[in-house]
Each structure stands twice: as C-alpha cells, then as structure tokens.
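Student:
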Amino acid sequence: MNINDEISKLQKYAKENNVPIMLEDGLNFLTNYIKENNIKNILEIGTAIGYSAIKMALIGKDIKVTTIERDEERYIEAKKNIKKFNLEEQITLIHSDAFEVNLNTNFDLIFIDAAKAQNIKFFEKFENNLRENGTIITDNLNFHGLVNIDEKEITSRNVRGIVRKTKAYIEYLKNNSHYQTTFYSVGDGISISIKK
Ligand code: SAH
Ligand code: MG
C-alpha cells in the first residue's frame, strides 16, 4: 500500500461527498504541534471519515487517538479507512453523539472539530478529560472566512447562527483564565488553548 496514494483517495472522497475534512495547511500545523510537544494521547471530537485521525496516528506508533463520530455513514467509512491503514491498534473509533460519551481517561490533547455551534459545550464537557498542562485545539474558527465579514451579508439564517456562536466561542476562549489561548489564521482558523 502506498500511503500517499491512499491519503489522496481520502481527500478525493471527502471532496466528492462534501465531507468537511481539515485543510492541508491546518492539518500540517496540527501534526507539527503534536510532534513538537511530544503528544501521545489524543481525543478527537468529530471523526468524519477518519482523515485527520489517520494523519495524527501516522506520526508514530506510540500515538493513540480516540475519536468520536455520530453520523452512521461517516462512521462506517472511517472504520473501513482505519482498517485499510492498519491503524486499528492506535485508533479507537466510537460511534456516538459525543455528548453521550463518558470517558474516564485523560488526554494530552483534545481536538474539537465537530458541530461548530456546540464548541463551548464540547469544551466544557471534555476539559474534564484533559491532563494537567494539556492542550485543547479547535478547528474552523474562521468558519470558511465568514467570521470576518459583515453579518448582514450572510443570507442564511442557519449560517449566521453558526457565525455568531463561533464568535461567542472565540470570546469564551479569550476570557477563560484557566487556559492560555492563541489564535492562528492557518487553515480555516485554529486555536490552541493550553491549560495553566
Ligand atoms: N476531523 C475530521 C473532520 C470532521 S467534520 C477531519 O478533519 O478529517 C465534523 C464531524 O463532526 C462530522 O462528521 C459530524 O457528523 C461530526 N459531529 C458533529 N457533531 C457531533 C457530535 N455531537 N458528536 C459526534 N460527532 C459529531
Ligand atoms: Mg474542521
């Protein structure tokens, strides 16, 4: 199996099926952070088809990823992809709504990449599973560039709602004194929140 070819196939599948996987530069930024900070145990909220989980697991054999996906079709696709890459030992895939999942282990890194309107709720639920000085990373804080434009220009009520909630989440992170948060305009906008 050629890993690069298989990764390209995942990207192609995502594009053809409108699966919102991470942008390539955002993903490189994430994997570099994992390498540089010697992160080993990762919890991901929002697997989709397993693309980002697979990329994180491929960093090294000692990396463990637990990842949660609620959508049945995507879960099935993720399961298949994880098997194809022979990463079943490293990736634990959970088919459930993340709000129904209760884990009793702690992680070095929690990566939030699920329903954008629920970010504060994900953060507050899963910070209980973050180790001392651990990191919470969140994707899509620019929400496809929409966070930075005039709300009046957004015609969809639903999208406007997500943009407002994303802005509220950014404020929440800025004001959360238990964490040191830095915002990066890489990919679709990524935050790194380090627990003090
Ligand atoms: N991290 C993936 C992309 C995830 S897309 C990658 O970059 O490869 C976001 C996913 O989160 C979607 O597949 C959606 O079904 C899932 N999701 C949204 N809300 C969720 C929830 N409450 N629990 C579990 N999964 C959720
Ligand atoms: Mg994303």
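Mapping the sequence shown onto the numbering used here, position 22 (from 1) lands on 29, and the numbers just tick up by one.
Glycine is no exception: its CB is placed at the ideal position from the N, C-alpha and C atoms.
Out of ARG167, TYR40, LEU50, state which residue places its alpha-carbon closest to the alpha-carbon of ALA105.
Tutor: Per the Cα distances, LEU50.
Student: Grouping DSSP H, G and I as helix and E and B as strand, with all else coil, what is THR38?
Tutor: In this structure, THR38 counts as helix in the three-state DSSP scheme.
Student: On a CA-only basis, which of GLU160, ASN35, ILE101 is nearest GLY196? Give me that one, please.
Tutor: The shortest Cα separation from GLY196 among GLU160, ASN35, ILE101 belongs to ASN35.
Student: Ligand 2 and ASP120: does the residue's C-beta get closer than 6 Å to at least one heavy atom of that ligand?
Tutor: Under cutoff, so the answer is yes.
Student: Count Cβ pairs between the stretch 141-160 and the stretch 83-94 that sit closer than 8 Å; are there 3 or more?
Tutor: At 8 Å Cβ cutoff, the stretches do not touch.
Student: Could you check the C-alpha separation between ILE177 and SER198 for me, to the nearest Å?
Tutor: Cα-Cα distance, rounded: 9 Å.
Student: Give me, in chain order, the residues of the same chain whose beta-carbon lies closer than 6 Å to that of ILE127; leave out the 5 immediate sequence neighbours on both sides.
Tutor: Once the five neighbours on either side are set aside, the close Cβ partners of ILE127 are TYR176, TYR179.
Student: Can you list, in chain order, the stretches of the alpha helix (DSSP H) that have 4 or more residues and sit fully within the stretch 78-109?
Tutor: The qualifying runs are 79-91.
Student: Under the assumption that TYR186 contacts LYS203 (Cβ atoms under 8 Å), give the Cβ distance between them as a whole number of angstroms.
Tutor: At roughly 6 Å, the Cβ-Cβ gap stays under 8 Å, so TYR186 and LYS203 are in contact.
Student: By the three-class DSSP mapping on this structure, what secondary structure does PHE118 have?
Tutor: It is a strand residue.
Student: Could you check if MET29 is buried or exposed, using at least 16 other CB atoms within 10 Å of its CB as the buried criterion?
Tutor: Answer is buried; the Cβ neighbour count reaches 16.
Student: Check whether the Cβ atoms of ILE66 and THR142 lie closer than 7 Å to each other.
Tutor: Contact: no.
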